[in-house]
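*Asks:* Counting in this note's numbering, the sequence shown runs from 2 upward without gaps. Here's a structure for you.
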Amino acid sequence: MKLICIGRNYAEHIKELDNEKPTNPVVFIKPDTAILLKKQPFFIPDFSNDIHHEVEILVKINRVGKHIDRKFAHKYYNQIGLGIDFTARDLQTQLKEKGLPWEKAKSFDGAAVIGNWLPLNDISNINALEFSLKKNDTVVQKGNTNQMLLKIDDIIEYVSKYFTLKIGDIIFTGTPAGVGKVNTNDTLKGYIENKEMFSILVK
Ligand code: ZN
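In structure tokens form, the structure reads like this:
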């Protein structure tokens with residue numbers, strides 16, 4: 002399985018990193034080895050001094066598909082989750098400056114937190130879903146899927162032009178504003194509406 006990630010999908014986050022608003026979505030992939038194992042702490046890797054949290058809404062694919070039309074995209078998932086796209090910001094900045102791929106900064110072991118899943122039936126409107134991240138009990142990121150530049154069904158249409166979507170693939174839909182550094186002994190807790198979706202200790 003693969004993790005397909007969208008970058009720069011919230012206007013306020015584009016501004017905070019001084020990025021240009023993309024004319025086409027930014028897409029990158031994390032391998033399955035990037036998944037942080039359940040109940041394990043996240044260990045800050047020794048190649049970075051600036052690991053950032055990016056809380057993101059996740060979509061789990063449940064049908065094989067390619068060239069999926071937007072109007073059929075909703076048939077390809079029935080679970081929504083929440084996760085973190087951990088990013089070595091210092092390394093990513095160097096790679097961006099040189100126009101190099103981001104994998105070393107985004108796809109290292111443990112860089113993908115995947116929380117619990119909610120059945121789509123429990124969600125009244127996936128395009129108006131509030132979510133947040135608390136660091137040590139302070140809310141640091143807050144978003145709503147209604148702020149996404151590309152909505153979930155648009156993302157599925159777009160990425161499936163390039164990649165066959167397989168059962169179990171997970172889409173990271175981009176982060177809202179408020180990304181920031183994590184430090185040893187931080188606790189990160191993610192919420193969709195008021196439901197806790199994950200709790201991670203940083204080591
Ligand atoms: Zn991200």
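We put the beta carbon where it would ideally sit given N, CA and C, even for glycine.
(1) Which of the three DSSP states, helix, strand or coil, is assigned to Gln-142?
(2) Who pairs with Gly-66 in a beta bridge, going by DSSP?
(3) May I ask you to list the residues that DSSP assigns as paired with His-53?
(4) Quick check: does the Cβ of Leu-179 come within less than 8 Å of any heavy atom belonging to the ligand ZN?
(5) Check whether the Cβ atoms of Leu-121 and Asn-145 lie closer than 9 Å to each other.
(6) Give, in chain order, every unbroken run of the beta strand (DSSP E) that is at least 3 residues long and sits entirely within the segment 95-120.
(7) Does the segment 107-116 come within contact of the segment 80-91, defined as at least 3 CB pairs closer than 8 Å?
(8) Would Cys-6 and Phe-29 qualify as a contact pair, given that the criterion is a beta-carbon distance under 9 Å?
(9) Using a Cβ-Cβ cutoff of less than 7 Å, which residues in the same chain neighbour Glu-55 once the five nearest sequence positions on both sides are dropped?
*Replies:* Taking the geometry as given:
(1) Residue state for Gln-142 is assigned as strand, using DSSP reduced to three classes.
(2) Leu-166
(3) Thr-88, Lys-182, per the DSSP bridge assignment.
(4) Looking at the sequence provided, one finds Gly at residue 179 rather than Leu. Checking every heavy atom of the ligand ZN against the Cβ of Gly-179, none is found closer than 8 Å.
(5) no
(6) 113-120
(7) Three or more beta-carbon pairs separated by less than 8 Å link the segment 107-116 to the segment 80-91, which places the two stretches in contact.
(8) Contact annotation: Cys-6 and Phe-29 have beta-carbon atoms nearer than 9 Å.
(9) Ile-85, Asp-86, Thr-88, Thr-176, Val-180
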